[in-house]
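Protein chains in written order, with my numbering: chain D, 2 to 113; chain H, 26 to 136.
Glycine residues also receive a C-beta, built at the ideal position from the N, C-alpha and C atoms.
Before any comments, here is the structure.
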Amino acid sequence: DGGITQSPKYLFRKEGQNVTLSCEQNLNHDAMYWYRQDPGQGLRLIYYSQIVNDFQKGDIAEGYSVSREKKESFPLTVTSAQKNPTAFYLCASSITRDNEQFFGPGTRLTVL
Amino acid sequence: DAKTTQPTSMDCAEGRAANLPCNHSTISGNEYVYWYRQIHSQGPQYIIHGLKNNETNEMASLIITEDRKSSTLILPHATLRDTAVYYCIVRATGANSKLTFGKGITLSVRP
Chain D
2 DGGITQSPKY LFRKEGQNVT LSCEQNLNHD AMYWYRQDPG QGLRLIYYSQ IVNDFQKGDI
62 AEGYSVSREK KESFPLTVTS AQKNPTAFYL CASSITRDNE QFFGPGTRLT VL
Chain H
26 DAKTTQPTSM DCAEGRAANL PCNHSTISGN EYVYWYRQIH SQGPQYIIHG LKNNETNEMA
86 SLIITEDRKS STLILPHATL RDTAVYYCIV RATGANSKLT FGKGITLSVR P
């Protein structure tokens with residue numbers, strides 16, 4: 002089955018701890034993205050990567066970091082510097098940056 | 026800043042066509058109109074996109090006005106599973122090709 006997987010679906014962490022969210026795709030897509038969604042709001046772009054070993058900041062990158070060492074993987078680290086980390090995090094991928102994006106099921110992060 | 030305007034909500038009866046409007050009066054010549062939907066607590070799902078011509082796929086039809094300042098997404102036979110938030114997004118290609126999600130329109134399909 003081709004697609005985008007995010008795990009886990011629910012994640013709980015204590016304040017002050019870094020946490021890494023995984024995103025894997027087997028669609029052979031070049032581009033990958035991370036979004037954040039808060040209740041009742043649309044999605045906001047955190048980071049994106051157009052190709053392996055390259056990534057750019059989105060609109061709300063502060064307090065987050067990413068890596069793109071493999072084409073199929075784009076993990077997101079939520080650092081302790083992120084002031085409001087509790088949110089629904091969505092990963093997406095597309096064939097290239099100009100094509101439609103396909104989304105994973107999301108990870109709901111709660112920081113206690 | 027959102028480049029599209031959508032009503033907050035609408036409903037339709039199951040089996041009837043759902044026509045979801047979107048205004049994008051400041052759209053540029055190289056910008057496409059994209060539609061996604063999001064069912065509660067799931068990732069958004071791509072529906073359709075277009076530039077100038079009307080488009081149709083297995084999920085929906087997209088009707089874009091001749092001046093490109095507005096469009097309508099048509100779900101021909103709405104089912105209860107189509108209840109979701111629908112996002113209309115204007116997106117350029119190239120270096121500025123990011124999706125900017127507004128609040129969307131909540132479609133409720135009633136039995």
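| Item | Value |
| --- | --- |
| Apply the 10 Å Cβ neighbour rule to D/Ser-50 and answer buried if 16 or more other Cβ atoms are within range, or exposed otherwise. | buried |
| Can you tell me the Cβ-Cβ gap for H/Thr-33 and H/Asn-48, rounded? I've got them flagged as a contact below 8 Å. | Their Cβ separation, rounded to whole angstroms, is 13 Å, which puts H/Thr-33 and H/Asn-48 out of contact at 8 Å. |
| With 9 Å as the threshold, decide whether the Cβ of D/Ala-93 is near any Cβ in chain H. | yes |
| Mind listing the chain H neighbours of D/Glu-73? Cutoff is C-beta to C-beta under 7 Å, in chain order. | Ordered by position in chain H, no residue passes the 7 Å Cβ test against D/Glu-73, which lies about 17 Å from the chain. |
| May I ask you to report which of helix, strand or coil DSSP gives H/Asp-107? | helix |
| Count the other C-beta atoms from every protein chain shown that fall within 10 angstroms of the C-beta of D/Ile-47, then say buried if there are 16 or more, exposed otherwise. | buried |
| To the nearest angstrom, how far is it from the Cα of H/Thr-81 to the Cα of H/Tyr-59? | 13 Å |
| Let me see if you follow: with CB-CB separation under 9 Å, is H/Ser-66 close to chain D or not? | yes |
| With D/Ser-74 and D/Ala-32 assumed to form a contact (beta carbons below 8 Å), what rounded beta-carbon distance in angstroms separates them? | Actually they do not touch by this definition, with Cβ atoms about 13 Å apart. |
| With a threshold of 9 Å between beta-carbons, can D/Tyr-49 be considered close to chain H, or not? | yes |
| Report the CB separation of H/Ala-85 from H/Ile-72 in whole angstroms; it is logged as a contact under 8 Å. | 5 Å |
| Got a sec: is the Cβ-Cβ distance from D/Arg-9 to anything in chain H below 9 Å? | Note that residue 9 of chain D is Pro in the sequence shown here, rather than Arg. Not an interface residue. |
| Would you kindly work out how many angstroms separate the C-alpha atoms of D/Phe-103 and H/Val-134, rounded to a whole number? | 24 Å |
| For H/Arg-106, is the classification buried or exposed, using 16 other Cβ atoms within 10 angstroms of its Cβ as the cut-off for buried? | exposed |
| Should the region 59–70 of chain D be regarded as contacting the region 82–98 of chain D, the criterion being three or more beta carbon pairs within less than 8 Å? | yes |
| Among D/Ala-93, D/Asn-100, D/Leu-91, D/Cys-92, whose alpha-carbon lies nearest the alpha-carbon of H/Val-119? | Position check: residue 119 of chain H holds Gly in this sequence, whereas Val was assumed. Among D/Ala-93, D/Asn-100, D/Leu-91, D/Cys-92, the Cα nearest to that of H/Gly-119 is on D/Asn-100. |
| Do you know how far the Cα of D/Glu-16 is from the Cα of D/Pro-86? | 9 Å |
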